[in-house]
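These protein sequence lines are chains A and B, in that order. Going by this note's numbering, the residue at position 3 of the first sequence is -1; the numbering climbs one at a time, nothing skipped. To convert a position in the second sequence, counted from 1, into this note's numbering, add 8. Structure, as structure tokens:
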Amino acid sequence: GAVVSQHPSRVICKSGTSVKIECRSLDFQATTMFWYRQFPKQSLMLMATSNEGSKATYEQGVEKDKFLINHASLTLSTLTVTSAHPEDSSFYICSARGLGEKLFFGSGTQLSVL
Amino acid sequence: QQQVKQSPQSLIVQKGGIPIINCAYENTAFDYFPWYQQFPGKGPALLIAIRPDVSEKKEGRFTISFNKSAKQFSLHIMDSQPGDSATYFCAASEGGGTYKYIFGTGTRLKVLA
């Protein structure tokens, strides 16, 4: 089956630092990847759509300068949380589109900003 | 218009019971409806999905029932087990090349041994 690897699974950082999260499709090429944010006991909120070789499309209310997305290859997309603050603490999840409309999700990254 | 309403918020059943989770949508342009299972601290995993031209789909112990006229769909878990205890999300996609999913609010299921 399609596997999406997300790394790191957990990161703790100081306020003001930047954190990079990687999302890789291991056994398929993903022209489109998505980044979500999930608060405890809540649903997944789409942050942005990442297309290989082009600029990401951000959802309304998501700061593109705060959440930098790069999709440099068909198997890798990265999300960088710049100048992180405690309010950025959350569970971040990526997904990659496989065949048809199926989305396969990474295992998530728990970000804690002190 | 873009919302997917999911109920109940939480559900407790005995082992062997059949929990039913319901979702409703308004946007008639939605044409793909997947269900995901999520364990704490993990990403969602695709369980089963359906398109509007089918009224029911079964995969193992999971069944989706779809009512196009009512714009509702539901997940049934047959012979539920304690290992099925997780949060379940329905979703809807408009297709058309965007593949953006709109997720329901989630249902926390607990199956008692």
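Just so you know, even glycine gets a beta-carbon here, dropped at the ideal spot from N, CA and C. As the structure is a prediction and not an experimental result, all values here were calculated from the model.
So if DSSP puts residue i in a beta bridge, which residue, or which two residues, is it bridged to?
i, result
"Y44 of chain B", "B:L54, B:F97"
"K65 of chain B", "B:I72"
"K118 of chain B", "B:I20"
"R93 of chain A", "A:L99"
"T53 of chain A", "A:T45"
"T105 of chain A", "A:Y88"
"M29 of chain A", "A:S46, A:A92"
"I28 of chain B", "B:H84"
"Y33 of chain B", "B:V12"
"Q34 of chain A", "A:L40, A:F87"
Leaving out five residues before and five after residue i in sequence, what residues of the same chain have Cβ atoms less than 7 Å from its Cβ?
i, result
"P60 of chain B", "D39, F74, K76"
"A32 of chain B", "K13, K79, Q80"
"M29 of chain A", "C19, S46, H67, S73, C90, S91, A92"
"V58 of chain A", "M43, A44"
Where residue i and residue j are concerned, what is the direct C-alpha to C-alpha distance, given to the nearest angstrom?
i, j, result
"S11 of chain A", "E55 of chain A", "24 Å"
"D87 of chain B", "G24 of chain B", "4 Å"
"A(-2) of chain A", "F100 of chain A", "7 Å"
"V77 of chain A", "S108 of chain A", "12 Å"
"I110 of chain B", "D92 of chain B", "23 Å"
"T7 of chain A", "T105 of chain A", "According to the sequence as given, residue 7 of chain A is Val; it is not Thr. Rounded to the nearest angstrom, the two C-alpha atoms are 7 Å apart."
"P111 of chain A", "K66 of chain B", "Nothing in the structure corresponds to residue 111 of chain A, since chain A is present only between -3 and 110."
"S1 of chain A", "S63 of chain B", "34 Å"
"P52 of chain B", "P36 of chain A", "14 Å"
"T13 of chain A", "S86 of chain A", "15 Å"
So is residue i in contact with chain B if we call contact Cβ pairs under 8 Å?
i, result
"K51 of chain A", "no"
"F115 of chain A", "This structure leaves residue 115 of chain A out entirely; chain A is present only between -3 and 110."
"S103 of chain A", "yes"
"Q2 of chain A", "yes"
"R20 of chain A", "no"
"Q106 of chain A", "yes"
"L163 of chain A", "Here chain A covers residues -3 to 110 and nothing more, so residue 163 of chain A does not appear."
"E97 of chain A", "yes"
"R93 of chain A", "yes"
"T45 of chain A", "yes"
"T28 of chain A", "yes"
"I17 of chain A", "no"
Any Cβ of chain A within less than 8 Å of the Cβ of residue i?
i, result
"L54 of chain B", "yes"
"S101 of chain B", "yes"
"G66 of chain B", "According to the sequence provided, residue 66 of chain B is Lys. The question's Gly does not apply to it. It does not; no Cβ of chain A falls within 8 Å."
"F97 of chain B", "yes"
"Y40 of chain B", "yes"
Can you name, in chain order, every residue of its own chain whose Cβ lies under 6 Å from the Cβ of residue i, other than the five neighbours on each side?
i, result
"I28 of chain B", "S82, H84"
"E48 of chain A", "T27, H67, L70"
"T113 of chain B", "Q14"
"S79 of chain A", "G12"
"G94 of chain A", "A(-2), F24, F100"
_Contacting positions in the region 105 to 116 of chain B - beta carbon closer than 7 Å to chain A_ = Y107, K108, Y109, F111, G112, T113, G114
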